[in-house]
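Below: the structure, in structure tokens.
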Ligand SMILES: NC(=O)c1ccc[n+]([C@@H]2O[C@H](COP(=O)([O-])OP(=O)(O)OC[C@H]3O[C@@H](n4cnc5c(N)ncnc54)[C@H](OP(=O)(O)O)[C@@H]3O)[C@@H](O)[C@H]2O)c1
């Protein structure tokens with residue numbers, strides 16, 4: 005068994021790599037079929053996924069059984085101001101991997117986002133709900149999903165949200181820093197979603213990868229909250245309870261319009277490989293406990 009991980013230096017990829025190397029995740033064993041797999045790691049310096057010939061050549065040369073695509077242009081505001089680059093990485097890059105996987109028969113596990121939805125309906129979105137992205141990040145990620153569906157039969161598209169992990173910059177680390185160094189912050193209280201620990205996502209990506217349950221998945225922490233509620237819980241766990249205060253999106257304008265309600269329902273997980281995603285508060289507590 006050989007597994008190629010693209011975007012291998014990123015936050016999610018480093019978690020998946022650590023789990024595969026250990027043979028277990030925070031939630032349990034790595035599936036037997038994937039245990040001891042030979043890993044091929046590639047980031048933009050060794051495989052720029054926007055280069056079609058390079059992607060096809062790399063995959064033809066290494067012949068992985070599974071490709072886990074963690075590469076993306078993830079800076080939401082950056083995507084808004086660099087839309088051609090966002091499209092090249094998030095859409096064309098995904099297309100290139102899909103074509104290369106189809107050519108060699110590899111399975112493709114492709115990671116996507118809650119931002120494919122417009123976020124103005126008050127119930128968690130399911131996999132059969134129609135996407136309607138409102139930002140360049142969401143639009144280019146959705147275009148990437150469509151290419152993967154179109155070009156690779158043995159593909160899994162896994163949408164996640166509000167991701168944080170042990171490696172790399174993320175919201176949890178930023179909030180801890182603001183609590184400690186700035187005495188707190190104002191955080192928007194009118195955008196709802198599902199904080200997701202990269203360790204939980206990694207566990208499910210590997211379960212999905214070992215299966216033949218092809219299709220589109222939602223994979224986010226269970227339960228939902230606002231960014232403010234998430235920040236308040238982060239501050240509490242870090243020992244700075246009460247330092248965060250709520251504000252509206254209008255008070256905190258950003259270059260990109262973000263969905264007001266982007267909770268996802270993990271329906272496809274429930275009906276296939278099983279939804280073991282922790283409640284977001286439990287997963288967040290584990291994140292703090294594991295760093296002590
Ligand atoms: N972070 C979140 O909150 C969140 C939420 C929902 C969904 N997701 C999705 O989850 C996946 C993983 O996200 P993440 O937070 O782990 O991302 P990340 O930390 O930004 O990692 C992405 C990796 O891809 C690399 N990359 C960029 N352009 C590339 C290219 N042309 N070819 C090859 N590699 C390239 C990046 O390198 P550089 O750093 O050098 O650019 C980086 O190492 C992505 O598909 C993302 O859209 C993330």
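In the numbering used here, the protein residues as written are 5 to 296.
Cβ atoms here follow ideal geometry from the backbone N, Cα and C, with glycine treated the same way.
Boundaries (first-last residue) of the alpha helix (DSSP H) holding residue i
i: residue 65; result: 56-66
i: residue 24; result: 15-26
i: residue 180; result: 175-186
i: residue 39; result: Unbroken run through residue 39: none, as it is neither H nor E.
i: residue 288; result: 284-293
Straight-line gap, residue i to residue j (C-alpha atoms, nearest Å)
i: residue 147; j: residue 292; result: 35 Å
i: residue 139; j: residue 81; result: 9 Å
i: residue 123; j: residue 39; result: 38 Å
i: residue 7; j: residue 30; result: 20 Å
i: residue 53; j: residue 5; result: 22 Å
i: residue 102; j: residue 230; result: 35 Å
i: residue 158; j: residue 208; result: 17 Å
i: residue 88; j: residue 204; result: 32 Å
i: residue 33; j: residue 24; result: 10 Å
i: residue 112; j: residue 71; result: 5 Å
i: residue 237; j: residue 76; result: 28 Å
i: residue 242; j: residue 176; result: 10 Å
i: residue 22; j: residue 289; result: 20 Å
i: residue 47; j: residue 166; result: 22 Å
i: residue 74; j: residue 17; result: 6 Å
i: residue 160; j: residue 95; result: 15 Å
i: residue 11; j: residue 57; result: 17 Å
i: residue 43; j: residue 68; result: 9 Å
Opening and closing residue of the beta strand (DSSP E) in which residue i lies
i: residue 112; result: 111-117
i: residue 46; result: 42-46
i: residue 8; result: 6-10
i: residue 189; result: 189-192
i: residue 161; result: 159-164
For residue j and residue i, believed in contact at Cβ under 8 Å, the rounded distance
i: residue 163; j: residue 222; result: 5 Å
i: residue 169; j: residue 15; result: 4 Å
i: residue 120; j: residue 137; result: 5 Å
i: residue 145; j: residue 127; result: At roughly 22 Å, the Cβ-Cβ gap does not stay under 8 Å, so residue 145 and residue 127 are not in contact.
i: residue 217; j: residue 277; result: 6 Å
Cβ-heavy atom distance, residue i to ligand 3, below 7 Å
i: residue 69; result: Summarising the ligand content, the structure contains ligand 1 and does not contain ligand 3.
Exercise. What are the uninterrupted segments assigned as beta strand (DSSP E) that are 3 or more residues long and contained completely in the region 203-279, given in chain order?
Worked result: Along the length of the region 203-279, whole beta strand (DSSP E) runs at least 3 residues long occupy 219-222 and 248-251, reported in chain order.
Problem set entry | Every unbroken alpha helix (DSSP H) inside the region 71-156 [4 residues or more] | Qualifying alpha helix (DSSP H) stretches, in chain order: 80-85, 87-90, 97-108 and 140-155.
Exercise. Per the contact definition of three or more C-beta pairs closer than 8 Å, is the region 243-256 in contact with the region 187-197?
Worked result: With three or more CB-CB distances shorter than 8 Å, the region 187-197 counts as touching the region 243-256.
Exercise. Taking contact to mean at least 3 C-beta pairs separated by less than 8 Å, is the region 95-110 in contact with the region 57-65?
Worked result: Taking a cut-off of 8 Å on C-beta distances, the region 95-110 touches the region 57-65, as three or more cross pairs fall below it.
Problem set entry | the region 268-275 in contact with the region 209-227 per 3-pair CB rule at 8 Å | In this structure the region 268-275 lies against the region 209-227, because at least three pairs of beta carbons, one per stretch, are closer than 8 Å.
Exercise. Are three or more beta carbon pairs between the region 206-215 and the region 149-159 nearer than 8 Å?
Worked result: No: fewer than three Cβ pairs fall under 8 Å.
Exercise. Taking three-plus beta-carbon pairs below 8 Å as touching, is the region 176-183 in contact with the region 237-248?
Worked result: Cβ pair count under 8 Å is three or more, so yes.
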